[in-house]
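What follows is one structure encoded as structure tokens, with my remarks underneath.
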């Protein structure tokens, strides 16, 4: 158990809908990262937050947004869902900002868009 | 965005054998290279990591070998066990924040 929690574990929804994925980092970790894992694209970085502020953006679609709250939990919002958004979404957390910081992954949310 | 190329895509090894997975990266400025292990239905778990100031790091049956001049690093699993059957990902720092760029993954199967 990495100490990172994600809810829900599974999510099935229809095209055009909006969903929210939730992540709680390990106790004491200030950075939260969101990654998407799909069969054809592998593990792709989406976005990082550090202590409530956006730190880095990857290949995140404009239909997707995220935020980190004062209690450090984070939410990833996916809107106008398309079939191609079906994937595993992972949250990871780390303690600080140096490149040596180990990232610990949560169990993921499996999103299925029908 | 930095690319990390991982090979092979799949690997079958007999129990007790050595599993070797290779990764190549592009940017010599980066300084942290982790390996993750992922079982079906689970999130990636940090297995072992190396910094480029050393050429090798060993933790139990897992060893990372690092070749800075060739911009390559590899994972060696000694005495491979069926319980090691999983997908392994190498990673390197990306170009923004503290993100990681992952290799494409290697699906390892260890036959009993």
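Chains as they are written, first to last, in this note's numbering: chain Y, 1 to 114; chain P, 115 to 226. Think of the CB as a built atom: it goes at the ideal place given N, C-alpha and C, for glycine as much as any other residue.
- Query: Does the beta-carbon distance from residue 222(P) to residue 125(P) come in below 8 Å?
  - Reply: Within the second chain, residue 222(P) is the residue found at index 108, counting from 1. Within the second chain, residue 125(P) is the residue found at index 11, counting from 1. Result yes, Cβ atoms of residue 222(P) and residue 125(P) sit closer than 8 Å.
- Message: By alpha-carbon positions, which one of 215(P), 170(P) and 201(P) ends up nearest to residue 224(P)?
- Response: To locate residue 224(P), count along the second chain from 1; it is residue 110. Comparing Cα-Cα distances from residue 224(P) to each of 215(P), 170(P) and 201(P), the minimum goes to 201(P).
- Task: Please check if any C-beta of chain P sits within less than 8 Å of the C-beta of residue 89(Y).
- Result: Numbered from 1 along the first chain, position 89 holds the residue referred to as residue 89(Y). Closer than 8 Å: no.
- Message: How far does the beta strand (DSSP E) with residue 223(P) in it extend, from its first residue to its last?
- Response: Position 109 of the second chain, counted from the first residue, corresponds to residue 223(P). First-last of the beta strand (DSSP E) with residue 223(P): 220-225.
- Message: Quick check: the Cα distance between residue 107(Y) and residue 155(P), rounded to an integer number of angstroms?
- Response: In the first chain, counting from the first residue as 1, residue 107(Y) sits at position 107. In the second chain, counting from the first residue as 1, residue 155(P) sits at position 41. Between residue 107(Y) and residue 155(P), the C-alpha separation is close to 8 Å.
- Item | Local Cβ density within 10 Å of residue 197(P), reported as buried at 16 or more and exposed below that | Indexing the second chain from 1 puts residue 197(P) at position 83. That one is exposed.
- Query: Buried or exposed: residue 24(Y), going by 16 or more other Cβ atoms within 10 Å of its Cβ?
  - Reply: Residue 24(Y) sits at position 24 when you count from the first residue of the first chain. When all chains shown are included, residue 24(Y) counts as buried.
- Query: chain P partners of residue 102(Y), CB-CB under 8 Å?
  - Reply: Within the first chain, the letter at position 102 stands for residue 102(Y). Here the neighbours are 148, 160 and 163.
- Message: Can you look up residue 197(P) in the DSSP assignment and give me helix, strand or coil?
- Response: In the second chain, the residue the question calls residue 197(P) occupies position 83. It is helical.
- Sort 117(P), 157(P) and 122(P) by Cα distance to residue 140(P) and report the nearest one. Position 26 of the second chain, counting from 1, holds the residue named residue 140(P). That would be 117(P), whose Cα lies nearest to the Cα of residue 140(P).
- Query: How would you list, in chain order, the residues of chain P whose beta-carbon sits under 9 Å from the beta-carbon of residue 31(Y)?
  - Reply: Here residue 31(Y) is taken as the residue at index 31 of the first chain, counted from 1. Under the 9 Å cutoff, chain P gives 211 and 212.
- Message: Rounded to the nearest angstrom, what separates residue 182(P) and residue 138(P) at their Cα positions?
- Response: Residue numbering aside, residue 182(P) sits at position 68 when the second chain is read from its first letter. Residue numbering aside, residue 138(P) sits at position 24 when the second chain is read from its first letter. Looking at the two C-alpha atoms, the distance is approximately 10 Å.
- For residue 45(Y), collect the residues of the same chain with a Cβ closer than 6 Å to its Cβ; drop the 5 residues on either side in sequence, then sort them by chain order. Sequence index remark: in the first chain, residue 45(Y) carries index 45 (1-based). Taken in chain order, the residues that qualify are 35 and 58.
- Query: Which residues in the same chain as residue 64(Y) place their Cβ atom closer than 6 Å to its Cβ, once the five residues preceding and following it in sequence are excluded?
  - Reply: Taking the first residue of the first chain as 1, we reach residue 64(Y) at position 64. If we look at residue 64(Y) and ignore the five residues flanking it on each side, its Cβ neighbours are 78.
- Message: So, with DSSP's three-state summary, where would you put residue 130(P)?
- Response: As a working mapping, residue 130(P) is identified with position 16 in the second chain. Residue state, collapsed to three classes: coil.
- Item | Residue environment, residue 165(P), which counts as buried when at least 16 other CB atoms sit within 10 Å | Taking the second chain and counting its residues from 1, the one referred to as residue 165(P) is at position 51. Within a 10 Å sphere around the beta-carbon of residue 165(P) sit fewer than 16 other beta-carbons, which makes this residue exposed.
- In chain order, what residues of the same chain have a beta carbon less than 6 Å from the beta carbon of residue 207(P), not counting five sequence neighbours either side? Taking the first residue of the second chain as position 1, residue 207(P) is located at position 93. 144 and 146.
- Could I get the ranges of all uninterrupted beta strand (DSSP E) runs contained in the region 38-83 of chain Y, with 3 residues as the minimum, in chain order? 42-50, 53-57, 64-68 and 74-78
- Query: If you draw a straight line from the C-alpha of residue 55(Y) to the C-alpha of residue 199(P), how long is it?
  - Reply: If you number the first chain from 1, residue 55(Y) lands on position 55. If you number the second chain from 1, residue 199(P) lands on position 85. If you take the alpha carbons of residue 55(Y) and residue 199(P), they lie about 35 Å apart.
- Message: I want to verify the contact list: residues of chain P whose CB lies under 9 Å from the CB of residue 11(Y), in sequence order.
- Response: As a position in the first chain, residue 11(Y) is number 11, starting the count at 1. Under the 9 Å cutoff, chain P gives no residues; its nearest Cβ is about 15 Å from residue 11(Y).
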